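Using the UniProt record's numbering, you'd call the opening residue of the sequence shown number 19 and step up by one each time.
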Amino acid sequence: RSMSSVTIPPPACMLRPLEAPLRYLFGPGPSNVPPRVLAAGGRPIIGHLHPEMYEIMNDIKKGIQYAFQTENNMTISMSGSGHAAMECAVFNTVEPGESVLVAINGIWGERVAEIAERMGANVHRMVKTPGGYFTNKEIEQAMQKHKPVLFFLTHGESSAGLCHPIDGIGDICRKHDCLFLVDTVASLGAAPIFMDKQNIDILYTGSQKALNAPPGTAPISFNDRACHKMFNRKTKPVSYLFDMTHLSNYWGCDGKPARAYHHTGPVSGFFALRESLAILAERVKRYTSTFSVILQKKYTDLRLPSVTTIAIPKGYDWREMLAYIMKHHQMEMTGGLGPSIGMVMRIGLMGYNCEKSNADMALHALADALKNCRKSKA
Ligand code: PMP
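Structure (structure tokens):
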């Protein structure tokens with residue numbers, strides 16, 4: 019046989035058409051994408067370095083500034099999911115050996131602690147059980163003890179269903195010369211956040227939750243304090259792809275007359291993100307989750323409006339209930355994540371999904387599962 023002949027045959031699956039079912043995405047994300055955003059993502063591609071693309075990126079920057087309530091010039095979208103923003107924030111603002119303080123009350127703090135450890139930071143963990151929260155006093159005491167250059171907090175803890183208070187923490191960080199990094203992947207667009215007013219130094223989110231864009235892009239913003247730290251480092255960040263020196267140029271934030279090629283951004287993803295940010299800007303009111311309002315009337319306001327955690331009903335197998343709801347209602351709800359596995363089921367009605375009719379459907383599916391799933395004798 020000649021070297022040029024094909025020896026691996028075309029796979030049978032590739033000769034069949036693509037199949038993807040229609041589903042109600044009522045879990046913690048991704049959420050359903052409205053037709054206008056899907057249509058934007060389906061438009062013909064243009065080059066990532068065409069002037070028209072720069073205009074779209076400039077629009078995205080303005081849309082993120084509105085969504086974050088910030089005037090920060092250093093505001094961009096990552097080419098990647100929420101994790102890309104997590105890594106970008108840590109890799110650029112921390113150098114190996116520096117102290118980082120991480121608040122952990124669910125999975126996301128632990129994830130950031132690991133990211134920071136991998137790049138050689140000296141990580142200090144403050145830990146609460148899922149759903150717990152930290153007082154400003156506890157945070158300040160830990161800051162005095164560990165003298166971190168960066169403090170991480172999750173605003174919307176999607177594994178625990180908690181929306182963490184933010185007020186006052188930015189001021190504590192300033193007092194102790196520490197940068198304040200906040201994760202709003204699961205909360206932006208559903209729970210209020212004010213980057214500038216709340217003195218948040220670095221803020222990021224994801225596209226696929228309350229913003230209702232497809233997964234794969236992640237807005238992030240750095241204020242002047244964060245820029246000062248990340249652009250005066252002695253070492254280069256461990257990641258080339260996530261190096262803000264390059265990304266700030268790609269997004270036209272570095273004041274240089276020309277943007278150079280760094281990587282090829284996800285053009286369709288940016289089209290869709292632009293449109294989802296436009297929808298947010300068009301709304302007078304921010305989204306709140308109808309479902310949460312109905313379910314959470316009785317609870318404290320620390321409940322996360324976008325993702326509701328509910329205790330697993332006594333005697334039921336949560337996996338069986340979720341499988342039943344998927345099979346009979348084409349509806350995704352999920353179990354816990356990380357430390358909350360086996361403790362809760364998680365239901366999210368975010369942005370476009372946040373309608374009373376959807377809340378009624380979700381409650382109906384839950385009631386149906388309670389009726390038809392096995393209740394153990396224990
Ligand atoms: N942070 C939080 C609070 C999240 O809920 C998620 C996604 N579940 C992430 C970070 C990570 O985002 P992604 O899955 O888009 O990488």
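Beta carbons: idealized from backbone N, C-alpha and C, even for Gly. Predicted model, so just to flag it, every value in this text is computed and none were measured.
My assumption, with CB atoms under 8 Å, is that residue i sits in contact with residue j. Please give the rounded CB distance.
{"i": "Val108", "j": "Met137", "result": "7 Å"}
{"i": "Ile133", "j": "Phe288", "result": "Contact doesn't hold; Cβ gap of about 24 Å is too wide."}
{"i": "Asn123", "j": "Glu175", "result": "6 Å"}
{"i": "Val71", "j": "Ile82", "result": "Rather than Val, the amino acid found at residue 71 in this sequence is Met. In fact, because the Cβ distance is near 16 Å, the residues do not count as touching under 8 Å."}
Using the C-alpha atoms, what's the distance from residue j back to residue i?
{"i": "Leu320", "j": "Ser49", "result": "22 Å"}
{"i": "His246", "j": "Ser95", "result": "20 Å"}
{"i": "Leu295", "j": "Ser375", "result": "24 Å"}
{"i": "Pro166", "j": "Val256", "result": "20 Å"}
{"i": "Lys315", "j": "Cys181", "result": "Any answer about Lys315 is weak, because its pLDDT of 46 lies below 50 and its placement is not dependable; what the coordinates show is given next. Straight-line Cα distance between these residues: approximately 15 Å."}
{"i": "Val120", "j": "Ala131", "result": "6 Å"}
{"i": "Gly354", "j": "Ala38", "result": "25 Å"}
{"i": "Gly283", "j": "Met92", "result": "17 Å"}
{"i": "Tyr342", "j": "Cys106", "result": "39 Å"}
{"i": "Thr352", "j": "Leu367", "result": "12 Å"}
{"i": "His142", "j": "Lys163", "result": "10 Å"}
{"i": "Ala208", "j": "Cys372", "result": "10 Å"}
{"i": "Ile187", "j": "Phe152", "result": "10 Å"}
{"i": "Arg61", "j": "Arg54", "result": "11 Å"}
{"i": "Ala58", "j": "Ser286", "result": "7 Å"}
{"i": "Ala244", "j": "Tyr84", "result": "19 Å"}
{"i": "Ile365", "j": "Ser205", "result": "14 Å"}
{"i": "Leu197", "j": "Ala160", "result": "14 Å"}
{"i": "Ala329", "j": "Pro183", "result": "23 Å"}
{"i": "Arg304", "j": "Leu298", "result": "Low per-residue confidence applies at Arg304: pLDDT is 45, beneath 50, and the placement is therefore not dependable enough to give any value."}
{"i": "residue 15", "j": "Ala385", "result": "An answer regarding residue 15 cannot be provided, because it is not within the stretch 19 to 396 covered by the chain."}
Looking at the unbroken beta strand (DSSP E) that takes in residue i, where does it start and where does it end?
{"i": "Ala329", "result": "Val325 to Ala329"}
{"i": "Gly273", "result": "Premise fails: Gly273 is in no beta strand (DSSP E) and is neither H nor E."}
{"i": "Leu199", "result": "Leu197 to Asp201"}
For residue i, list the residues DSSP reports as bridge partners.
{"i": "Ala236", "result": "Met96"}
{"i": "Met363", "result": "Ile328 and Gly353"}
{"i": "Val141", "result": "Val118"}
{"i": "Thr172", "result": "Asp201"}
{"i": "Lys393", "result": "Tyr334"}
{"i": "Tyr222", "result": "Asp201 and Ile238"}
{"i": "Leu180", "result": "Glu175 and Arg321"}
{"i": "Leu43", "result": "Glu350"}
For residue i, which residues of its own chain have a beta-carbon under 8 Å away from its beta-carbon, when the five flanking residues on both sides are left out?
{"i": "Asn267", "result": "Lys274, Arg277, Ala278 and His280"}
{"i": "Met21", "result": "none"}
{"i": "Gln348", "result": "Pro39, Leu40, Arg41 and Tyr42"}
Answer yes or no: does any C-beta atom of chain C fall closer than 8 Å to that of residue i?
{"i": "Ala299", "result": "Protein chain content of the structure displayed is limited to a single chain, and chain C is not contained in it."}
What residue does the alpha helix (DSSP H) around residue i start on, and which one ends it?
{"i": "Leu384", "result": "Lys374 to Asn390"}
{"i": "His347", "result": "Trp336 to His347"}
{"i": "Tyr72", "result": "Pro69 to Phe86"}
{"i": "Pro62", "result": "Note, Pro62: premise wrong, no alpha helix (DSSP H); not H, not E."}
{"i": "His164", "result": "Asn154 to His164"}
{"i": "residue 15", "result": "Only positions 19 to 396 of the chain appear in the structure, and residue 15 is not among them; the question remains open."}
{"i": "Asp189", "result": "Ile187 to Lys193"}
Can you give me the Cβ contacts of residue i inside the same chain, cut-off strictly under 7 Å, excluding the 5 residues immediately before and after it?
{"i": "Trp269", "result": "Met75, Lys79 and Ile94"}
{"i": "Gly127", "result": "Val120, Ala121, Phe170 and Thr172"}
{"i": "Asp272", "result": "Ser266"}
{"i": "Ser23", "result": "none"}
Give every residue of the same chain whose Cβ lies closer than 6 Å to the Cβ of residue i, excluding the five residues on either side of it in the sequence, and list them in chain order.
{"i": "Pro233", "result": "Pro48, Ser99 and Gln226"}
{"i": "Met213", "result": "Phe86, Gln87, Thr88 and Leu221"}
{"i": "Arg251", "result": "Glu113"}
{"i": "Ser394", "result": "Gly333"}
{"i": "Pro357", "result": "Pro148"}
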